[in-house]
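Visitor:
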Amino acid sequence: FLAPRLGMGTRGLENFVFHFLNMSFIAMSLRGATHKAKAKNVFSTVTTILSQFSLQSLLGLGLTFFFIATIFKDLFPTFGLFVTLGYCLGPGQAFSMGSGWESYGFEGAGTVGLTFGALGFLWAFFGGIVLVNHAKRKGWIAKEQLADMESDDVKRGIIGRSNGCRPSGAGLTTMSQAIDSLAYNIAVVFAIYLVAFLSLKLLSWLLAFAGPMGVDLANSFWSVTFIFCALFALLVKKLFRVFRADHTLDDG
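Laid out in structure tokens, this is it:
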């Protein structure tokens, strides 16, 4: 309702999602590790996440092929993967991957990805509340985590006046009289994004010499721009550590 009045169409909003997704991956990759997780915890977490991805992908692809064989003959084969992309990963990744599939003939795939992402949020909001309450009744939640969930601040959603230790969402890494910390960190993110963009442009230009297959491969790379952004951000963070300048990046 409001976006068209501001001169923004569907494509403009989709571009917002695409660019902010890429920049969010850069920002997250620049953050330092707060603590080292135990190997056992890491293994169990990775196993759980990959199991969810696999089960959802199998379910989505199974339903897709069933529909192709019965009532929706022209359904795009990767349609079922939106279940994993939208429900597990989120609207940004679903839109980014869907946009890449549009070059293969899946019209409106980016918008379909956003739709699945929105459905994933609805399921998390409503279905998640039911599942959390069920887990509390069954005693599946650790006592420390349950005590934190039952705190007055969490129930209100606002940190009370009596709580003297308030968490900080950001920190100053530069002297404001000389360099604004927020502007500095935003500039680092944008600089990495520019390098990732130019690198993908160069890669697409080189792959074009391989013919149609190279062009298709380049389009696939553009659909996972966020991965390239994260890789370049990790490289920049490593360089900052080598030159002992990593303390200038905000971990907030």
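If you read the sequence shown in the UniProt record's numbering, its first letter stands for residue 1, the second for the next number, and so on. Note that the Cβ used here is the ideal one computed from N, Cα and C, for glycine as well.
1) Helix, strand or coil: which one does DSSP assign to Glu14?
2) Out of curiosity, what's the CA-to-CA distance linking Asp216 and Ile49?
3) Residues in the same chain with beta-carbon distance under 7 Å from Asp152, minus the five sequence neighbours each way, listed in chain order, please.
4) Is the beta carbon of Trp101 less than 8 Å from the beta carbon of Thr78?
5) Where are the alpha helix (DSSP H) runs, 4 residues long or more, that stay fully inside the stretch 146-223, in chain order?
6) Roughly how many angstroms separate the alpha carbons of Cys165 and Leu122, rounded to a whole number?
7) Excluding sequence positions up to five away, which residues of its chain have a Cβ less than 8 Å from the Cβ of Ile71?
8) Exposed or buried, which one is Val46 when buried takes at least 16 other CB atoms within 10 Å?
9) Quick one: grab the DSSP three-state call for Glu102.
10) Look at Ala191 and Cys229 and say whether their C-beta atoms are less than 8 Å apart.
11) Can you tell me the Cβ-Cβ gap for Ser223 and Ser99, rounded? I've got them flagged as a contact below 8 Å.
12) Secondary structure at Ile26, three-state DSSP: helix, strand or coil?
13) Roughly how many angstroms lie between the CA atoms of Leu182 and Asp246, to the nearest whole one?
14) Kindly list the residues whose CB is nearer than 6 Å to the CB of Lys237, restricted to its own chain and excluding five residues on each side of it in sequence; keep chain order.
15) Between which two residues does the alpha helix (DSSP H) containing Ala245 stretch?
16) What do you get for residue 253, buried or exposed, if any count of 16 or more other CB atoms within 10 angstroms of its CB means buried?
17) Count the other CB atoms within 10 Å of the CB of residue 254; is the residue buried (16 or more) or exposed (fewer)?
18) Between Thr225 and the rest of its own chain, which residues show a CB-CB distance below 6 Å, the 5 nearest in sequence each way excluded?
Guide: On the basis of the supplied data:
1) helix
2) 30 Å
3) Gly160
4) yes
5) 152-156, 181-207, 212-223
6) 33 Å
7) none
8) exposed
9) helix
10) no
11) 6 Å
12) helix
13) 15 Å
14) Leu30
15) No alpha helix (DSSP H) contains Ala245, which DSSP labels as neither H nor E.
16) The question about residue 253 has no answer, for the chain in this structure spans 1 to 252.
17) Residue numbering for the chain in the displayed model covers 1 to 252; residue 254 lies beyond these limits and cannot be assessed.
18) Asn22
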